[in-house]
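Following: one structure in structure tokens, then a few remarks.
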Amino acid sequence: AYDPLISEDEIKQRGAEPVSIQDLYAWSDFISLHLPLNVHTRDMIGQMAFSEMKDGVRIVCAARGGIIDESALVAALNSGKVAGAALDVFGVEPPGLTEAVSHPRVIATPHIGAQTAEAQSRASEDIANEVLAVLQGKPLRWKVN
């Protein structure tokens, strides 16, 4: 696992092996992105990152549009560096019929995975439980960083 905001000890405590971003790129068959979009992550997955990745890598991004440079992704797909990608976020929303959206090795879906009745009910319960935990001085279950 790679996270620049979490210590190696904390990564190990969570049951993962800390690695550098370059090692993660070189060793991974699948790279799943779960991070915010900010000045440090915009176009983070671009031409240089793709060049460091294992041939045939598969990319999953349901985080935020703009993390992946879509032009670089299309080039990596066309060269075979990337075997496929699953995206539900794009640099421009809604994306329209771009090369990335229409590429035969891209699964493109709208960013609505949590819009089922069951998911909304569960999210409401989780939020209420987190508020109760704070009020009772207990640790948060869904704390991030």
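The sequence shown begins at 6 in the numbering used here and counts up one residue at a time.
Every residue gets a Cβ at the ideal spot worked out from N, C-alpha and C, and that includes glycine.
Quantities reported herein were computed from a predicted structural model and do not represent experimental measurements.
Between Ile-132 and Gly-96, the CB-CB gap reaches or exceeds 9 Å. For Ser-37, the enclosing beta strand (DSSP E) stretches over residues 35-38.
Annotation: Ala-21 to Ala-6 spans about 6 Å, alpha carbon to alpha carbon. As a beta-bridge residue in DSSP terms, Gly-89 pairs with Arg-63. Within the DSSP bridge table, the entry for Val-111 names Ala-90 as partners. Taking C-beta atoms as the reference points, Cys-66 and Leu-92 count as a pair closer than 9 Å. Look at Ile-11 here: in three-state DSSP terms it is coil, with no helix or strand label. Taking 8 Å as the upper bound for CB-CB distance, Val-62 and Asp-34 are in contact here, some 7 Å apart. Secondary-structure assignment with DSSP links Ile-72 through no beta bridge to anything.
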